[in-house]
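Chemist: In the numbering used here, the protein residues as written are 8 to 264. I have a structure here, written as structure tokens, and I will follow up with some questions on it.
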Amino acid sequence: MILGLSDTEKKFKTAMDTAGADMTVVNSWLKLYVKTKKNSSGVAKRYYGVKTGLSSLLSDLKELEQQVIGYCELTGTDRKHFGELIKACKAKSGMFDDEFLISKVDTDFHTTLDSVVKQGERYLSSFDNGIILQSEIENLIHLTNEGLERKKPDLFALSYFYLGHSNKELAELNFTQKTKRVHEIYYEEFWKDILKQLEACVKQAEAINDKYEGTTDRRTARILSELKPLLVGVAKQWEPEQTAEYILRDMCRIFRD
8 MILGLSDTEK KFKTAMDTAG ADMTVVNSWL KLYVKTKKNS SGVAKRYYGV
58 KTGLSSLLSD LKELEQQVIG YCELTGTDRK HFGELIKACK AKSGMFDDEF
108 LISKVDTDFH TTLDSVVKQG ERYLSSFDNG IILQSEIENL IHLTNEGLER
158 KKPDLFALSY FYLGHSNKEL AELNFTQKTK RVHEIYYEEF WKDILKQLEA
208 CVKQAEAIND KYEGTTDRRT ARILSELKPL LVGVAKQWEP EQTAEYILRD
258 MCRIFRD
């Protein structure tokens, strides 16, 4: 018995067994699948938390930029709002730590953010460093946009990666290479073997369905019912390879994506 499987996933397991899969392979994969699924909630929460923080920071920076234009002395409500924006930027400074958005070792980003906060605090006091502050804000807007525009990795693949691997393996790679490396490991260690099993089982399930469709005896009806999760491509006239890929992708995804 494998703990943590949903009813749909239990039906998948039964279908694979009925279709003649090597259940040693299937059960081993399902245990790893459950661990990956459990890990995915934390991975997704961290990724989207950093992304939301970047979006909020970008909004604050654009407001700051508008207030600094002209290097005018701030008074009253404007001065208070400027101070609140600087405090908001400072409060966010410790939250940007995701290897696929802004990592904690991204010195350009973190140094520029620190500079914006320090120059902003100085500007509130003396208003004599407007040119420097505006330049730093513009630089940070650019770096923040860069982070937000980076292609999102497959977060389920990343969740698998972090079960047995770490960011140390990605340290010397650029963002594109990091994503490629994570996906390569995921394919080789997690995806490839179960996909092969699944393709064979889909073919077998479709052959059984073709042979016995419409049969009314209880045993055959039970078998066809058990095979139903593997027959999703029949109505769509998919090849078994397409069906297997679809089933696996549907299982291995984070619903927020």
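For every residue, glycine included, the Cβ atom is placed at its ideal position computed from N, Cα and C. Here the structure is a predicted model, which is why all the values come from computation and not from measurement.
Checking 8 Å against the spacing of the C-beta atoms, do Val57 and Cys96 come in under that value?
Modeler: no
Chemist: Suppose the cutoff is 6 Å on Cβ atoms and the five residues either side in sequence are ignored; what does the same chain contact list for Lys44 look like?
Modeler: none
Chemist: With Asp113 and Tyr54 assumed to form a contact (beta carbons below 8 Å), what rounded beta-carbon distance in angstroms separates them?
Modeler: Here Asp113 is actually not in contact with Tyr54; their C-beta atoms are around 15 Å apart, not less than 8 Å.
Chemist: Return helix, strand or coil for Phe163, following the three-state DSSP convention.
Modeler: helix
Chemist: Just the C-alpha distance for Ala212 and Ser35, rounded to the nearest angstrom, thanks.
Modeler: 22 Å
Chemist: Output yes or no for whether 8 Å exceeds the beta carbon distance between Val50 and Leu165.
Modeler: yes
Chemist: For the alpha helix (DSSP H) holding Glu269, just list the boundary residues, first then last.
Modeler: Since the first residue shown for the chain is 8 and the last is 264, residue 269 is missing from the structure and cannot be characterised.
Chemist: Taking the beta carbon of Met30 as the centre, do at least 16 other beta carbons fall within 10 Å, making it buried, or is it exposed?
Modeler: exposed
Chemist: Considering only heavy atoms of the ligand NAD, does any lie closer than 7 Å to the CB of Leu255?
Modeler: As presented, the structure is devoid of all ligands, the ligand NAD included, so that no description of it is given.
Chemist: Is Ile261 helix, strand or coil when you go by DSSP?
Modeler: coil
Chemist: If you reduce the DSSP assignment to three classes, tell me which class Leu37 lands in.
Modeler: helix
Chemist: Going by beta-carbon coordinates alone, are Leu65 and Ile148 separated by less than 8 Å?
Modeler: Taking 8 Å as the Cβ cut-off, Leu65 and Ile148 qualify as a contacting pair.
Chemist: Of the choices Glu143, Leu37, Thr119, whose alpha-carbon is the least far from that of Met258?
Modeler: Considering only alpha carbons, the answer is Leu37.
Chemist: Would you check if there are 3 or more beta carbon pairs closer than 8 Å linking the stretch 127 to 147 to the stretch 87 to 102?
Modeler: yes
Chemist: If you reduce the DSSP assignment to three classes, tell me which class Val57 lands in.
Modeler: helix
Chemist: Assuming the contact rule is C-beta atoms closer than 8 Å, Glu4 and Pro247 should be a hit. Round their C-beta distance to whole Å, please.
Modeler: Lying outside 8 to 264, the shown extent of the chain, residue 4 is not represented and no answer is given.
Chemist: What ranges does the beta strand (DSSP E) occupy inside the stretch 94 to 161, keeping only unbroken runs of at least 3 residues that lie completely in it?
Modeler: none
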